[in-house]
Each structure stands twice: as structure tokens, then as C-alpha cells.
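Protein sequences appear in the order of chains R, W and Z.
Numbered according to the working numbering, the first sequence spans residues 20 to 523.
Numbered according to the working numbering, the second sequence spans residues -9 to 180.
Numbered according to the working numbering, the third sequence spans residues 20 to 273.
Below: the structure, in C-alpha cells.
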Amino acid sequence: MSRPLSTVLAALAVFALAACSDKPPASPAAATPPASTSVASERGDFGPPQGEPIKAVLTSPPHVPPPIHRNYPAKVIVELEVIEKEMPISEGVSYTFWTFGGTVPGSFIRVRQGDTVEFHLKNAPDSKMPHNIDLHGVTGPGGGAASSFTAPGHASQFTFKALNQGIYVYHCATAPVGMHIANGMYGLILVEPPEGLSPVDHEYYVMQGDFYTTGKYREKGHQPFDMEKAIDEHPTYVLFNGKEGALTGDNALTAKTNETVRLFIGNGGPNLVSSFHVIGEIFDKVQPEGGTVAQHNVQTTLIPAGGAATVEFHTDVPGSYVLVDHSIFRAFNKGALGILKVDGPENKLVYSGKEVDYVYLGDRSEPNLKAVATAAKAHAAGTLTKDEQIAAGKQLFTGTCSVCHQANGEGLANVFPPLAKSDFLAADPKRAMTIVTHGLTGKITVNGHEYDSVMPPMSQLNDDEVANILTYVINSWDNPGGQYSKEDVAKARAEAGPHADPGH
Amino acid sequence: MKHLLPVLALLAVLFGGRAAAAPPLPGDSVYNLPVQLTTQDGQQQMLAERRGRPQLVTMFYTSCQMVCPMIIDSLRLTRNALDPATRAKIDLLAVSFDPAKDDVATLKSYAEKRKLDPRIWTLARAEPAQVRQLSGVLGLQYRQLPDGEFNHSSELILLDAEGRIAARTTLIGRLDPAFVKAIGETVNKP
Amino acid sequence: MRLRLALAWFGLVLALPAAAAEYAALPGGTFASVLPADGKAAAAQVAPFRLRTELVTNGEYLAFVREHPQWRRDKVAGILADARYLTQWAGADDLGEQALPRQPVTRVSWFAAQAYCASEGARLPSWYEWEFAAAADASRRDARADPAWRENILGWYSRPSNAALPAVGGAANVYGVRDMNGLVWEWVDDFNALMVASDSRQQGDPDLLKFCGAGAISLQEKENYAVLMRIAMLSALKAADTTNNLGFRCAKSN
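Below, the structure is given as C-alpha cells:
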């Protein structure tokens, strides 16, 4: 069946009309190998493909195809099918995803730098929408999008040479692009350097994405896509591998102690940047943004939307290591959480676990506040006695009032007035409640001496603490005696209002 | 009686030939689409009447300033690149996107101005609905603008003798060697 | 004798094709289309026209195929309809149980849709006519500014398409036309005039040569992605293509 229209559409790269412009027609890119003695792992064209065409092995996340053991450029045939399907996005919540290869993220593609990739994009007949693909590893218009626009029930083919090594995002670029990406149309293609990657024990494929539904987080049922939320960048879900729990429980990534793990982490977006962190691990090696220069000893690495990174670390200690986006509300309230379960023998030298659990008493100078507790209980039961109040007040006095008025209520000459046998107190016992709750400034005369100081409001004391302290004070050091109740204090506190002017 | 046999034989050849003539049209032949063309000489012709000889086909319009002159030139260039034997076996057909303006007289004067030999070149018009259908079957796109100009795609299309699209090129303004090769192969297919 | 005559007349009536399809009159006018008329910004002019109120159904298309056997799926030329043409039917002239008579007919090519419309004395609507009619909701002629109008369309896009198609005859819009949005994609006459860049991020790309004249059309009203997706869909198709979700309705000029 001829496809004349796709040929027209695919003409962008080769189309040249001298009459309409004065520029000479563009010749197809014949890349000459770099003149400098570049390391093989820089951008390079290693010549035409050799040997038999190879059919690429594609894998579903979180698995990665095996490393390529080849030392020559080959023709690699990649066949990827777009499938629109309804899948769970969270427990009891379903969503219509548009997928490459039936999964979110889409199948992982692995080729070698210099390979000639013959790319077949198929669009399942059941699909409602046309789709295409833009691979960030492609040098060419639209990253292939111009040449792969495919109606449902059709397939497109285009060929590109993987000139640059690296880990690259691919995604659908059909209008509206944001919606296609938001529905899960992204994945990773790894272009290995010609010398290959260093061997590790495990390689895993993780891709973060933000999702926008009209219903709230975990609202049950089938949820449609919400374009307004996507434009406003208010995601409902932020997930690894397209589903809450995709990498937890039985689906957790696994490794043993004393192994090396490499994670290919992508970020499909469409909007958010990821602050990728594995709780309990430090990345021994990071290729930030998937580039060639490595960084070491990294705690959290940024993965741009439409970008990827490679991280490597060595497992030393068993346990569950949590993969998160460290914009932390996304991890705990939107689902950006995955687990790497490491099994193996403990290594106490590296991490001991909890050694001792000992008691730590709070800040109060009085070690025993039992009387306070007793009074409180009694008050609650309605059986509070004056003696209980006095006992509690005594404990509370120490460390709060005694700092200024001294433990024996004597005060400090010319500075802090005494409470012991205080005529000021006896003249108006009720006034004491206001003084403790609101403070006192200005000249007063107590027991024949003048004091002109500032007592700050004891606002850290609550009503029954004030009642107990005052009951203790009024019954100590030859003061007239009496009792204060919590209710009285509360009334006095409320009545006086802020900054009441104490009478002389 | 002496003449009857040759007469009968002649009749048999005529009618028998007729009956054995056209095998059914292949499903992917553009001649399955009934399109009524009117040439620059005012001749009415069904598109399917071109069956039997390979055709180089394109679509254009006479008032097009930009690329259509190049399309005509490319057709000429391509034809001239063929060897004389192959050249003699193909016809050139250019159908207008713009039947409203491109009536028979306009087509004729265009052909004369550009020195297009009518034995080789057919410039044709069809009714608007059929123009759209022809573009559909050839895989060309076009759109009329408010000022009367057209946006359109530009290709040279090779039909084999049965009307199947055998090759096509978007390279306009210079020769496409791959296309020329394909013409040679199609025409000289046994 | 009278009885026979009456019976004959009755039989004749029954044998006549089903009641002619209903067409609603639409007023036309100047219309801010997502596809500017000059490729840049000009509004579209739509002349008054009539539009079929319902999509063409399996039952109606079956009658057409019986009357025009060159459009049977076992007879049609491959260049006019691809291999999936009418494969949802049980047989070349038999719907079977999966294809219900009142469902919109899908898996039909543009050529097939045109031929059907011609048989009704009609044609396919142009893109502008279609967009004009689809802008309406139940009470307004142009409801496109209403997010609910957009949400309704997007809701359809996000529903998976492996469920059976519902029958035609949904709620009518203000013109009396039904199912413009939310049932199937629809062919338009000038589907191959939607010359948008196949990589939609290249709007404004001055590649004048590809579509000689003005370059690919820059889509206006980019927030009207509901309509943009429809254009994306139509521009991905070729005239002989069929898809599971693509049907059509016809139009008549006044």
C-alpha cells in the first residue's frame, strides 16, 4: 500500500527548491569523522553499518536490555508499537494511558554509538489518536517526529544514525504535545559509548512523570486527563514508572549487599523537574543530565523534564532504600516513591542500627513534677484540695518564680519585691492573678520599700499552674492564706486585658 | 467462400482481441478512479484511457509563480534524462488544481508559452470535486487561499502502464537520479 | 382488485429506501477558525449550508453497498479503500451481530464516504463547515470559549476505544445536529488541505518549499487543543485510509 502522503511529510529533511530560495539545496548529512584525536566516546560517525541487521531487544520497565558486546557499527531494527490502554494509576483508580509498547514508561531501547537505527513506529488499529516519536538521541528534524506521524492502524519507518552516546528521552510529539506526554508517552533510549559501559551487577530503568486527573489524589474510579491542571502545573500524581506502587512491595527493585547497581533515571515530565534521591545511599557516580562527564559522591541529583541521568552506587548494608523525588510532598502525598530492597548480611561497621535507647528528661530544673501531675489529675476528677494545689504550686514556683523572687520569697533588695509576708499581696490577693498573667510595671511599695521594676507576664503558665502557684504563695511565708481556682484565674486573665494599668 | 475465411479471421482477431484485451485493473491502480479530464486542446478524456503506457504525472496551476514553473521544468529535465527509447514510451500529464481559472484557453496559452509539445505533454483540467479525488489518489495536498493562490505539495509521480504508482520524487528543480532509474526500470519491465 | 392494488402499493412503499436522511440548515458566516484561511490569521467565510443531523450508520451504508456493489469490501479497489475497510461487518453485505444498524459506520475511506454522499445527492462537509457546526452546543452557536465544551471533547479522547460504539442519535446541538463531538472522528471533503507541519512543534517554521506558498499553516487558538487534535488526526490520514474510529456525515450546499 503506497504511502505518498507520508513521503511528502517526510520530505522535510531532503526537500530543496533552488527557485524559491537562493540557497543551494541541502545535501544529506555526510558526517566526516572528527579531525581531532577525540576519544571514541565523543560524538562520532564510525562509518556504514557492518554485518547482518540486528533486531533490537526492547524491554519493559524496570528491566534493561543486556549490554551490547560489539565493536563495530551495525544496522539495528527497532519496532515499537503505540497502544492506548486503560490501566490502574493507583489503587482503585484507572486512567487511559497512551503508551509505547504497552507500558509507562515505554520500552527501553539500547543501541551502540554509530549504529544505524531503522525505526518502525506502529500505531495499533484500536488507537483513537495519531502519534509520532521524537527521540532525543536523533540528530534530525523533530528528532524523528516529522517522519513518524502515524495514523491508527498504520506504521511509519525512518532511519537515523546514533551519532552521540548517552541516555536519551524519547516521547510523542503530536499536538497537543503536553497531553500526549502527560498520558505516558515517553521512554528512554541508551546509546552506549563504543567501548561499552563498565559492568555492574544490576541495571534498572526508572522514569518519573507527573500526571493530571480531574479527580483528587486517589479518588476512585476512572479518571480523565485534566488539561487545566496540566497547564497550571498542579499535578495530581507524581509517579515512578506510571503507577503508584510500581516499584514497591512485590515490585520493588532488588539487589544484594556488596553489589553495584546502576539506575537509568528518566524524567518524562511533562512539567516537573525531579530532585532524585535514594534514601540511605549516596551516588558514587552520577552522569548528570545523562552527559559524559561524571560527578562523584552525590546525594541528590536534578533530572530535568525531558532529561535523564545515570547513577551508580555500591550496596553495603541490607535494608529498604527508598527512591524519592526529594521535593518531598511529591514522595509522600503524590506517590513519587519506589523501593530498592537490598538483602544480605549486616555490616555493623558501616551502619549499626539502633544501639541504645535511654531516657532523656526534659528541660525543667525540678526533676520530680509528680505533684503537678497529681494536682492535674485531681482537678480533672473535681477533687482538687488546697494541699494538693500547694504541693503542685511549690514545684512549679521553683525554677519559674524563684528565679527572681528567690526560693524563700524574699526577693532582691531594690530590684525584685518580696512575696514573703507581703503587705502588697495581702492588701489585694485577687490582684496577684492579674499581675502573674499580665505582668506589672511602675512604682510599687512592698513592706515599706519602693520597687520600680518590670515583671513580664508569665504567659507560659496556664490557668491552673497560676492557680497552684498563687495558692502556694498565699499560704507560705506568713502570707494570709487562701485559695485560687483555675476559673478565677481564667476570669482575671480575661478581664484585665492586655497591658492593664496596675493601680498603685 | 474464398474471402470468408480471412474475413472471419479478421473479425475473430478484432472481437477476440477485444474480449481478451483488458485484464482486470489491479486494485492499486489510480485508474480505478473515474476522472474526466479536459486537455489543453479541448479534448475530453477519462484518466483511465491513459492505461497502457507509463505516465509521469503531476499537479500544478498556471498562475503559480513559485514552484510550479519548476515542476514543469523538472518534468522536462527528467524526460530528457531518459534514453530516447524509454522516452518514447512515456507520456507527461499535468492536471491543474485551479479549474476555475485554468480553462482550456489558459492551458493552451501556457503550453505554448512554455513550448510544451502536445504530442508529449497533456495539460488538463477536471471539475473541482474530481481534482480533490485525484489529489487523494495521488497523495498530493492542496488548499486554496482567499487570494486565489494555492498551497500545495509538489511531486513528480510515475505511473506504470497499469496505473500503479511505481515511483515518486519530491526533488524539484534538479534531477533525481533514483527517480530516473526507477522510470527506466518500470518502462522496460518485461 | 383494489386490495391487490393496495397491497402492491404497500409493498412498493416498503421496498423504497428508508426515509431520506434529515439535513439541518446552518446559517454560515465569518468564523474564527483554528485554521486561518490565509495560513496566518484570516477568519474563515462559511456560506450557509445544510448538514446531515446524524452520522451515516451501518444500516444506511449497508443499503448503499447493496445498491452499489463496486463498494463491497470484496470488490472495492485497494487504492480506494484499504485492507481494513468494513472489516467490522460479518460479511461483505451482512452486518452480523457485532455491527449494529444504528451504530455510526466506521472503517470507511474518504473515497467511500464521498461516494455515499453522492448517492444521497450530497457531498462531504468542508473542514470549515464541520468546525462551524461543531462549535455549537445545545444552546449556543459558538460555545468554544466554554471550558465545558472543551472538556466534553477531551473526555472522549481520554476514553479507551475498545468499547463498542454507541448508536447515533445523541443530544442535538442548537442547530439540531447530533453527535458532532464524542462519537467518532469524521471525514471532511478537504481533509488533505489541512497542511499542518507533521511535527506540530514547528509552527512558524519558514520552510516555504514544502507547501509552496505560505509554509505549513500556523494553527491559531492553540488552547483549543480539542480541535487541534481533530486536525492532527485528519492530517495523518490518506484518502484510502480507514480507522476504527472514523466515520462521516454529509452536507449539501444551499
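Ideal Cβ positions, reconstructed from N, Cα and C, are used throughout, including at glycine.
If you're wondering where the values come from, they're calculated on a predicted model, not measured in any experiment.
Local conformation of D471(R) per DSSP, three classes:
strand
From this set, P448(R), Q306(R), F435(R) and V492(R), which residue's C-alpha is nearest Q414(R)'s C-alpha?
V492(R)
If you draw a straight line from the alpha carbon of S472(R) to that of P254(R), how long is it in whole angstroms?
58 Å
Looking at the strands, I want to know which residues DSSP matches up with N286(R).
Q227(R) and G326(R)
Within 8 Å of any Cβ in chain W, is that where the Cβ of I98(Z) sits?
yes
Determine, using beta carbons only, whether P195(R) and M248(Z) come nearer to each other than 8 Å.
yes
By a C-beta neighbour count over all protein chains shown, 10 Å radius and 16 as the cutoff for buried, is R43(W) buried or exposed?
exposed
Below 7 Å between beta carbons is the criterion; list the residues of the stretch 96 to 120 of chain R that meet it against any residue of chain C, in chain order.
The structure shown contains no chain C; its protein chains are R, W and Z.
What does DSSP give as the partner residues of V136(R) in its beta bridges?
V95(R) and F179(R)
Does the separation of the CB atoms of G228(R) and A181(R) fall below 8 Å?
no
Who pairs with P107(R) in a beta bridge, going by DSSP?
S113(R)
Span of the beta strand (DSSP E) around I250(R)
Premise fails: I250(R) lies in the alpha helix (DSSP H), M246 to D251, not in any beta strand (DSSP E).
What is the rounded straight-line gap between the Cα of A155(Z) and the Cα of G195(Z)?
10 Å
Neighbour list for S183(W) in chain Z, Cβ cutoff strictly below 7 Å
The shown model of chain W, from -9 to 180, leaves out residue 183(W), and the question about it has no answer.
Within 8 Å (strictly less), CB to CB, does F130(Z) reach chain W?
yes
Measuring CB atoms only, is the stretch 189 to 206 of chain R touching the stretch 273 to 292 of chain R, in the sense that at least three cross pairs come out at less than 8 Å?
yes
Rounded to whole angstroms, what is the Cα-Cα separation between L15(W) and I110(W)?
25 Å
Just mark G232(Z) as buried or exposed, buried being the case when its beta carbon has 16 or more other beta carbons within 10 Å.
Low per-residue confidence applies at G232(Z): pLDDT is 45, beneath 50, and the placement is therefore not dependable enough to give any value.
Please give the ranges of any beta strand (DSSP E) in the stretch 34 to 89 of chain W, keeping only runs that are unbroken, at least 3 residues long and fully inside the region.
34 to 36, 45 to 50 and 81 to 86
Could you give the residue range of the beta strand (DSSP E) that holds A270(Z)?
A270 to S272
At the level of alpha carbons, what is the spacing between K239(R) and A271(R)?
24 Å
If Q45(W) sits next to D81(W), beta carbons under 8 Å apart, how far is it from one beta carbon to the other, in whole angstroms?
5 Å
Alpha carbons only, please: which of D260(Z), A190(Z), A212(Z) and G174(Z) is nearest the one belonging to M246(R)?
G174(Z)
Give me the chain W residues within the contact set of N211(Z), using Cβ-Cβ distance strictly less than 7 Å, ordered along the chain.
S125, G126 and Q131
Of the choices N70(W), A84(W) and V85(W), whose alpha-carbon is the least far from that of A78(W)?
N70(W)
Since Y118(R) contacts S177(Z) with CB under 8 Å, what's their CB separation in whole angstroms?
For the record, residue 118(R) in the displayed sequence is Thr; it is not Tyr. No, T118(R) and S177(Z) are not in contact; Cβ-Cβ is about 14 Å, not under 8 Å.
Quick one, are the C-beta atoms of F267(Z) and E205(Z) less than 8 Å apart?
yes
S52(Z) versus E148(Z): straight-line alpha-carbon distance, rounded
10 Å
Give the residues of chain Z in contact with G326(R), contact being defined as C-beta atoms less than 8 Å apart.
Under the 8 Å cutoff, chain Z gives no residues; its nearest Cβ is about 17 Å from G326(R).
Considering only C-alpha positions, which residue in the set A274(R), G428(R) and L258(R) is nearest to F348(R)?
L258(R)
Going along chain W in order, which residues have a C-beta closer than 8 Å to the C-beta of K257(Z)?
G126 and G129
List the residues of chain R that D17(Z) touches, going by C-beta distances under 8 Å, in chain order.
Chain Z is shown from 20 up to 273; residue 17(Z) falls before or after that span and cannot be answered.
Hey, A270(Z) and A63(Z): beta-carbon distance below 8 Å or not?
no
So if I threshold CB-CB distances at 7 Å, which residues from the stretch 53 to 69 of chain Z count as touching chain W?
A56, D57, G58 and A61
How long is the line joining the alpha carbons of P364(R) and A324(R), rounded to whole angstroms?
38 Å
When you compare each of P475(R), E506(R), A327(R) and P243(R) to T460(R) by their alpha carbons, which one comes out closest?
P475(R)
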